[in-house]
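S.K.: What follows is a single structure, and I will ask about it in a moment.
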């Protein structure tokens, strides 16, 4: 695992997601990756991945994965849905918070709709990034539980990636350790063990990334790549 030890346990270490991506780039370049392709997890991972792509010159694509959120807290997830339709639930959390079958079914349905919408908007309806035989670098803005990233890793391996690298600016130590065991490499600049943990606490400026903003950031890379370019919204 690659990290910046001087950033351990610190908060407000990045001005914004763009700076965080710029800090990740040299850590990733130091890995000497073979035929890498960056996969941004929307929406918060997009500005991070765009900054990495600009710094490294690596191609950028999108891995549409979304967490299934709690009805009373849209920042907290109890599962995730991937672009290929895969659904994974954190069964222990579902039991602990007392979610019934109907609530989880409705949550999964809403998340499937969100994933399909993002596939149309950000990838022109083509859900699967082209990673067969390549090194896939999954980029998000942080790891809290790490459950969504776990599903992204699993889906990316099913697409035939030769290696899977997880790259995030910040992460809770427990999630980082779990993901490091699943990925071939993991890069996390800012690791924190303290609880409660919040991804946002690593940033001076933090706000949601609307899909329209993610779309605008990705447009130059779609136009350059060709196969997944689209003007659809």
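Numbering (the working numbering), first residue to last: 52 to 284. No residue lacks a Cβ here, since even glycine has one placed at the ideal position from N, Cα and C.
1. Do the CB positions of residue 116 and residue 192 come within less than 8 Å of each other?
2. Is the beta carbon of residue 216 closer than 8 Å to that of residue 238?
3. Evaluate the contact criterion for the segment 155-168 versus the segment 228-247: three or more CB pairs, one atom per stretch, below 8 Å.
4. Check whether the Cβ atoms of residue 166 and residue 134 lie closer than 8 Å to each other.
5. Along the chain, where does the alpha helix (DSSP H) that runs through residue 142 open and close?
6. Excluding the 5 residues preceding and the 5 following residue 78 in the sequence, name in chain order all residues of the same chain whose CB lies nearer than 6 Å to its CB.
7. Assign residue 125 to buried or exposed, taking buried as 16 or more other Cβ atoms, counted over all protein chains shown, within 10 Å of its Cβ.
8. From this set, 85, 62, 109, 105, which residue's C-alpha is nearest residue 236's C-alpha?
9. Pairs of beta-carbons, one from the segment 189-206 and one from the segment 131-149, closer than 8 Å: are there three or more?
10. Kindly indicate which residue of 189, 112, 143 has the alpha-carbon position closest to the one of residue 274.
11. Any idea what DSSP makes of residue 270, helix, strand or coil?
12. Give me the Cα-Cα distance between residue 145 and residue 90, rounded to the nearest whole angstrom.
M.R.: Per the coordinate set shown:
1. On the chain shown, position 65 is the one that residue 116 refers to. On the chain shown, position 141 is the one that residue 192 refers to. Not in contact: residue 116 and residue 192 (Cβ atoms no closer than 8 Å).
2. Numbered from 1 along the chain shown, position 187 holds the residue referred to as residue 238. Numbered from 1 along the chain shown, position 165 holds the residue referred to as residue 216. In this structure, residue 238 lies near residue 216, with their beta-carbon atoms less than 8 Å apart.
3. Taking 8 Å as the limit for Cβ pairs, the verdict is that the segment 228-247 does not touch the segment 155-168.
4. If you number the chain shown from 1, residue 166 lands on position 115. If you number the chain shown from 1, residue 134 lands on position 83. Yes, they are a contact pair.
5. Numbered from its first residue, the chain shown carries residue 142 at position 91. Note, residue 142: alpha helix (DSSP H), 142-148.
6. Looking up residue 78 in the chain shown gives position 27. Closer than 6 Å at the Cβ level, and outside the excluded window around residue 78, lie 53, 238.
7. Residue numbering aside, residue 125 sits at position 74 when the chain shown is read from its first letter. With fewer than 16 other Cβ atoms within 10 Å, it is exposed.
8. Here the question's residue 236 lines up with position 185 in the chain shown. Answer by Cα proximity: 85.
9. Contact holds: three or more Cβ-Cβ distances are below 8 Å.
10. Position 223 of the chain shown, counted from the first residue, corresponds to residue 274. If you compare the alpha carbons of 189, 112, 143 with that of residue 274, the shortest gap goes to 112.
11. By 1-based counting over the chain shown, the position of residue 270 is 219. In the three-state scheme derived from DSSP, where H, G and I count as helix and E and B as strand, residue 270 is classed as helix.
12. Taking the first residue of the chain shown as 1, we reach residue 145 at position 94. Taking the first residue of the chain shown as 1, we reach residue 90 at position 39. Those two C-alpha atoms are separated by around 29 Å.
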